[in-house]
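Peer 1: For the sequence shown, the positions run 31 to 514 when the numbering used here is used.
Beta carbons are placed, not taken as given, at the ideal position from N, Cα and C, and that holds for glycine.
Okay, here's the structure, questions in a sec.
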Amino acid sequence: MMPSERHHVKAAYEKRYLHWKDKAQPVVTHIQANVRFYPLRGIADIALSLTLTNHSNSRIDKILVGAHPDFTPENIDVEGATLNHYDVYTQQREFDLVNSLLPGQSKQLNVALQVANKNLWTSPTHHVIRKPFSYLRGVPLIPSIGFNRYFTLTDSSLREEAGLPALQYPIASALTASNAEISAEAQTVMVTSQLTAPVGYFTLAPGEKRKQWTEQDGDEHTMTTLYATREPIRAIPAWIATEFTHAHEPAVLADKSVEVNLIAADNEEAKDVHLRAATQTLAWFEQHIAPYPYAQLTFVFAPDLGPSGYALPQVLIFDHLLAMRTTPMEDGFDQRYRRAVHEVAHQWFGHQIGFGLPADSAFLVESLAKYVELVMLEPRGTMNKLVEYEARRYAHYQQGNTTPPVAFINGTETADVYSRATLVFAELRQLVGDKPITDTIRALFERQKSKGKPVAAIDFVRLLLARTNRVHHKRIQQLFLEES
31 MMPSERHHVK AAYEKRYLHW KDKAQPVVTH IQANVRFYPL RGIADIALSL
81 TLTNHSNSRI DKILVGAHPD FTPENIDVEG ATLNHYDVYT QQREFDLVNS
131 LLPGQSKQLN VALQVANKNL WTSPTHHVIR KPFSYLRGVP LIPSIGFNRY
181 FTLTDSSLRE EAGLPALQYP IASALTASNA EISAEAQTVM VTSQLTAPVG
231 YFTLAPGEKR KQWTEQDGDE HTMTTLYATR EPIRAIPAWI ATEFTHAHEP
281 AVLADKSVEV NLIAADNEEA KDVHLRAATQ TLAWFEQHIA PYPYAQLTFV
331 FAPDLGPSGY ALPQVLIFDH LLAMRTTPME DGFDQRYRRA VHEVAHQWFG
381 HQIGFGLPAD SAFLVESLAK YVELVMLEPR GTMNKLVEYE ARRYAHYQQG
431 NTTPPVAFIN GTETADVYSR ATLVFAELRQ LVGDKPITDT IRALFERQKS
481 KGKPVAAIDF VRLLLARTNR VHHKRIQQLF LEES
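Here's what the structure looks like:
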């Protein structure tokens, strides 16, 4: 689907289904996935069974189920429901329940679909099925339930062109308990995955390996592996099957050992750099923030799929060229180590906090990860090199920037989220030290756990002010909240 057509679909979706926004809908609490890879044929067959649970205080009689227009399911059915309407253009299905879904009750939604390689692909970085390497990200393969804000247009000019009203989201610095809209994305899920691939392939899914067996599939000898999570994770599972080499190394921490899997780590020196970054970052979080909650962490050094690094729950994907074929700069600044630290940090920032509030900025995800970079590079003697690097990048951005100034936590541009974040946290560390910052981050996790609702960027600022001397408050407010 071309971008222009995608815009039309999104506009039609909002016009036809906005009235579902305030209707009580169940949320996905458990994903059971059966994924069968056929790498030589470039396809994968996927069967999903989603547990839908009514967490509202209202009875539910109708359920809206949406599929991504580029991944048309072969079948979708809801337990104890009849299909009332199927909108082919927007891929929305309205189901009527035979018996109301009462608060606390659950239903199963079953989906069957096939994913195939295409020459023109909508999401080339997240769906590829090839002989040496296959990777499928659960989003957008997993159907959405109820009205989905992420299916709508956000560009103001495109909205005006489509006859849609301007969005009324508050800016990040103005979010409050009363105006912060919480999306279904905030719900974490348990995941069980059964992956089948030809014998000789290494498969990977969220959670721990529970069982493995071989079977004959026609002329092909296959291996099936069952994975299951011990605790809920953010609902963006990934399923991988690869012939690339894989190694297992322990990251020994104070309280436990984490198994680090390294796929396609074919350069020993580079592998050691990434393993060292993983071990040291996991240890820092264990000491200062919270222990890593899982037993495994996997580094996948993939073919060039787009991003230099990308984090999913328990899985980190890196561009193979940048991770395995580059070397440190002459001054000792190693982008491989920095990038690995950043992506490991997303196991906390982005997958434990920082999601579920569509109006919030990327501060809790990307900017806090930049803070961790500073902390981890300092003992290596290259923290100042990072600051200098980001200062140059931010200065270059400002030279060509014609947009009005924004407060740091309201920034959406890459330069604000990454480069400006580095400069802000470098100054903040000099101003108040690390303890108030790490105390604030721990308080964020505690607040989200106790309230059961996502925390926001503005919560960080408020909690930081409560943990620092008043003499620093003016400068802290300037750094985070003043438009500049």
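#1: Rounded C-beta distance between threonine 226 and phenylalanine 67? I'm assuming under 8 Å.
#2: What whole-angstrom Cβ distance do threonine 252 and proline 228 have, given they're in contact under 8 Å?
#3: Can at least three beta-carbon pairs, one atom from the stretch 389-401 and one from the stretch 347-356, be found at a separation below 8 Å?
#4: For the alpha helix (DSSP H) containing glutamate 44, list its first residue and its last residue.
#5: For alanine 216 and phenylalanine 385, which I take to be in contact (beta-carbon distance under 8 Å), what is that distance rounded to the nearest angstrom?
#6: Assuming phenylalanine 232 and isoleucine 293 are in contact, meaning their beta carbons sit under 8 Å apart, how far apart are those beta carbons, in whole angstroms?
#7: Assuming alanine 486 contacts leucine 387 under a Cβ cut-off of 8 Å, what Cβ separation, rounded to an integer in Å, is found between them?
#8: Looking at the secondary structure, which residues open and close the alpha helix (DSSP H) in which alanine 392 lies?
#9: Cβ of asparagine 297 within 9 Å of Cβ of histidine 278?
#10: Measure the Cβ-Cβ separation of valine 462 and asparagine 499 and say whether it is below 9 Å.
#11: Would you grab the beta carbon distance between asparagine 140 and aspartate 126 for me? Rounded to a whole angstrom, and I think it's under 8 Å.
#12: At 3 residues or longer, what runs of the beta strand (DSSP E) sit wholly inside the stretch 341-416?
#13: Where do the ends of the alpha helix (DSSP H) carrying leucine 474 lie?
#14: Just list the residues that DSSP pairs glutamate 12 with in beta bridges.
#15: I'd like the span of the beta strand (DSSP E) that includes glycine 72, first residue to last.
#16: What separation, rounded to the nearest whole angstrom, lies between the Cα atoms of valine 95 and glutamine 122?
#17: Going by Cα to Cα distance, which pick from Pro267, Pro56, His304 and Glu316 is closest to alanine 284?
#18: Taking only three categories from DSSP, how would you classify leucine 28?
#19: Going by CA-CA distance only, name the one from Pro200, Lys286 and Phe510 that's closest to leucine 458.
#20: Tell me where the beta strand (DSSP E) around leucine 166 begins and ends.
#21: I'd like the list of long-range same chain contacts for glycine 362, defined as Cβ closer than 6 Å, with 5 residues on each side in sequence excluded.
#22: Which same chain residues, not among the five before or five after valine 39, have their C-beta less than 7 Å away from its C-beta?
#23: Quick one: what does DSSP say valine 462 is sitting in, helix, strand or coil?
#24: Kindly indicate which residue of Thr470, Gly168 and Tyr322 has the alpha-carbon position closest to the one of leucine 234.
#25: How about proline 200 and alanine 210: do their beta carbons lie closer than 9 Å?
#26: State the DSSP-derived secondary structure class of phenylalanine 331, mapped to helix, strand or coil.
#27: Spell out the partners DSSP gives threonine 83 in its beta bridges.
#28: Three-state secondary structure (DSSP) at glutamine 121?
#29: Quick one: what's got a C-beta closer than 8 Å to leucine 416's C-beta in the same chain, skipping five residues either side?
#30: For proline 280, does the three-state DSSP call read helix, strand or coil?
#31: Just to confirm my understanding: we take leucine 256, look at its own chain, exclude 5 residues before and 5 after, and list those with CB closer than 6 Å. What are they?
#32: Are the CB atoms of leucine 194 and glutamate 44 nearer to each other than 9 Å?
#33: Does tryptophan 151 pass the burial test, meaning 16 or more other C-beta atoms within 10 Å, or should it be called exposed?
#34: Just how far apart, CA to CA, sit serine 88 and alanine 54?
#35: According to DSSP, simplified to helix, strand and coil, what is glutamate 512?
#36: Starting from the C-beta of proline 435, find all residues in its chain whose C-beta is less than 7 Å away, skip the five residues before and the five after it, and write them out in chain order.
Peer 2: Walking through what the data contain:
#1: Indeed, because the Cβ distance is near 7 Å, the residues count as touching under 8 Å.
#2: Contact holds; Cβ gap of about 6 Å.
#3: The stretch 389-401 vs the stretch 347-356: no contact.
#4: Taken as a continuous stretch (DSSP letters only), the alpha helix (DSSP H) holding glutamate 44 covers 33-47.
#5: Indeed they touch by this definition, with Cβ atoms about 7 Å apart.
#6: About 7 Å; that satisfies the 8 Å criterion.
#7: With 8 Å as the limit, alanine 486 and leucine 387 qualify as a contact, their Cβ atoms being about 6 Å apart.
#8: Under the DSSP assignment, alanine 392 falls outside any alpha helix (DSSP H); it carries neither an H nor an E label.
#9: Not closer than 9 Å, so no.
#10: For valine 462 and asparagine 499, yes; Cβs fall inside 9 Å.
#11: With a Cβ gap of about 17 Å, asparagine 140 and aspartate 126 do not count as contacting.
#12: You should have 345-349.
#13: Segment 465-481, the alpha helix (DSSP H) holding leucine 474.
#14: Here the chain has residues from 31 to 514 only, and residue 12 is not among them.
#15: Segment: none, glycine 72 is in no beta strand (DSSP E) and carries neither H nor E.
#16: Valine 95 and glutamine 122: Cα-Cα distance of roughly 6 Å.
#17: The shortest C-alpha separation from alanine 284 is found at Glu316.
#18: As displayed, the chain neither begins before 31 nor continues past 514, which places residue 28 out of reach and without an answer.
#19: Out of Pro200, Lys286 and Phe510, Phe510 has the C-alpha closest to the C-alpha of leucine 458.
#20: Taken as a continuous stretch (DSSP letters only), the beta strand (DSSP E) holding leucine 166 covers 163-167.
#21: Thr412, listed in sequence order.
#22: Excluding sequence neighbours, valine 39 sits near Pro99, Tyr119 and Thr120.
#23: Helix at valine 462.
#24: Closest option to leucine 234, Cα to Cα, is Gly168.
#25: Note that the C-beta distance between proline 200 and alanine 210 is below 9 Å.
#26: Look at phenylalanine 331 here: in three-state DSSP terms it is strand.
#27: According to DSSP, residue pairing for threonine 83 in a beta bridge involves Val57 and Ser136.
#28: The answer is coil: DSSP assigns glutamine 121 none of H, G, I, E or B.
#29: Result list for leucine 416: Phe363, Arg368, Glu403, Leu404, Leu407 and Thr452, in chain order.
#30: For proline 280, the three-state secondary structure derived from DSSP is strand.
#31: Here leucine 256 has Gln224, Arg240 and Lys241 as same chain residues with Cβ atoms under 6 Å from its own Cβ, once five neighbours each way along the sequence are excluded.
#32: Yes, the pair counts as a contact, with Cβ atoms nearer than the cut-off.
#33: Any reading at tryptophan 151 must be qualified, since the residue scores a pLDDT of 47, below 50, and its modelled position is unreliable; no value is offered.
#34: Straight through space, the alpha carbons of alanine 54 and serine 88 are spaced by roughly 7 Å.
#35: For glutamate 512, the secondary structure class from DSSP, reduced to helix, strand or coil, is coil.
#36: So the list reads Glu513 and Ser514, once near-sequence residues are dropped.
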